[in-house]
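The sequence shown begins at 1 in the UniProt record's numbering and counts up by one.
Here is the structure we will look at.
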Amino acid sequence: MSTENNKEEAINLGRSLIVPSVQELAKRSITHIPPEYAHQLDQDQLLLSCDDVLTPSVPVIDLQSLFANTIESSVEYLFELNKLHTASKEWGFFQVINHGISESLLADFKRDVLNFFNLPMEEKKKLWQEEDKMKVSVSCLLQTLEAYCVEIKKLATVILGQMGKALEMDEDQINELFHDGFQSMRMNHYPPRPQPNMAMGLSPHSDAGALTIVNQLNTTDGLEIRKDGKWVTIKPLPNALLVNIGDIMEIVSNGVYKSIEHRAIVNAHSERLSVATFYCSNIATLLGPAKSLVAKHKVANFKQIPLEEYFKGFFARKLDGKSYLEIMKLES
Ligand SMILES: O=C(O)CCC(=O)C(=O)O
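Right, dumping it as structure tokens:
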């Protein structure tokens, strides 16, 4: 669902595959899993839980220390900036706390998204076809969605600004790239499945955008990231948001930051709900490593292509790990 700046829709970048509604499938007692969802989970890849004492834990960044400290030479500021830099380089994934989005907005958003998923299928089908009906039937969701998107966009922009500082990028370049970016959103509902290892919620992939902010709406586990070849389960902290580096940021940072492969698995007993918001540079920009970083590293590790072309290539492919990023790499 694209929520703002419809310019990219007019350009028609392509779209995600249309697949059968999992909510409807879950209501029927089906005997086989449709091929789009059937998947044998890799049994040979060790799964680690963040509860395990020996599992390194996903970094938590306290944004208050970054945003509230106008004195950028202060110890608190530099400490948190360094944490952000290390998390972006080594994990490509972190949780943010004290992010500034009010608890009441997050609660309204959760309520309206749940109501949306609980609409009868016939109502949802009407929404696909008639935009005016959407305005009436889910006007409550649309209002909250708009407020939520504004806040998430602000948050993504400030985090990217801080990343630019940590990378020692030219400040004008980061502003130019990300000041009027576009945002899109995916709302995910994963019903419970009795044999969760036979069904995939979302295949392993990295995100094509610059930065993704995931809001997990309930406490069911399911999001896993690939860290050093092992799948690590993520357990979000209360009121935290999950942030991951996308392929665009790996390219812009000339490979210093890493986009992270992740997947969503289904749970045997409980449903899971999440909303991912993808923030990207302005569609009219040229995608490539930042000039200031190429000058510093004395090498460009990725090609330069118009962002529009990049997205058309992305939507023409299946989600498949980090394979699309490989195409963007320059031979060293
Ligand atoms: O469900 C999740 O937590 C992950 C969602 C996600 O990766 C996506 O929508 O691209």
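No residue lacks a Cβ here, since even glycine has one placed at the ideal position from N, Cα and C.
Quick caveat, the model's predicted, so the values are computed rather than measured.
Leaving out the 5 sequence neighbours to the left and right, which residues in its chain are closer than 8 Å to residue i when beta-carbon positions are compared?
i, result
"Val60", "Phe94, Gln95, Val96, Ile97, Leu237, Ala240"
"Phe117", "Gln23, Met187, His189, Leu273"
"Lys89", "Val256, Tyr257, Lys258"
Please state the DSSP three-state secondary structure of residue i.
i, result
"Asn254", "coil"
"Arg193", "coil"
"Ser203", "strand"
"Gln64", "helix"
"Thr233", "strand"
"Asn115", "helix"
"Ile152", "helix"
"Val299", "coil"
"Asn188", "strand"
"Ile97", "strand"
"Asn244", "strand"
"Lys318", "coil"
"Asp44", "For Asp44, the predicted structure reports a pLDDT of 44, less than 50, and the residue's modelled location is therefore unreliable. The matter cannot be settled from this model."
"Ala208", "coil"
"Gly161", "helix"
With a cut-off of 8 Å on the beta carbons, I'd call residue i and residue j a contact; round off their distance for me.
i, j, result
"Thr277", "Thr220", "About 20 Å separates the two Cβ atoms, so there is no contact after all."
"Gly92", "Ile305", "That pair is no contact at about 22 Å."
"Gly161", "Ser281", "Not really, about 13 Å apart at Cβ, beyond 8 Å."
"Gly100", "Leu155", "7 Å"
"Leu167", "Leu293", "7 Å"
"Ser259", "Gln216", "Between Gln216 and Ser259 the Cβ distance is about 19 Å, and since that is not below 8 Å, they are no contact."
"Ser206", "Arg263", "Going by Cβ atoms, the distance from Ser206 to Arg263 rounds to 11 Å, so no, they are not a contact pair."
"Leu84", "Met163", "7 Å"
"Ser21", "Met121", "7 Å"
"Leu105", "Glu151", "7 Å"
"Ile283", "Glu308", "6 Å"
Leaving out five residues on either side along the sequence, give the residues of the same chain with a beta carbon under 7 Å from the beta carbon of residue i.
i, result
"Phe314", "Ala208, Tyr324"
"Glu80", "Ile61, Asp62, Ser65, Leu66"
"Tyr310", "Leu287"
"Val58", "Cys50, Trp91, Phe93, Phe94, Gln95, Ile234"
"Ser270", "Pro192, Thr220"
"Tyr148", "Leu105, Phe109"
Please list, in chain order, all residues of the same chain as residue i whose beta carbon is under 6 Å from its beta carbon, the five residues on each side excluded.
i, result
"Lys153", "Gln183"
"Arg272", "Tyr190, Thr220, Gly222"
"Gln43", "With a pLDDT of 49 at Gln43, under the threshold of 50, the modelled position of that residue is not reliable, and no figure is offered here."
"Val243", "Phe94, Val96, Ile213"
Which partner residues does residue i have in the DSSP bridge list?
i, result
"Leu223", "Ala264"
"Asn215", "Val275"
"Leu287", "Ile305"
"Cys280", "Phe182"
"Lys329", "Phe302"
(message) Across the segment 290-307 and the segment 251-258, are there enough close Cβ pairs to call them in contact, namely three or more that are closer than 8 Å?
(response) yes
(message) Check whether the segment 222-231 and the segment 287-299 are in contact - that is, three or more C-beta pairs closer than 8 Å.
(response) no
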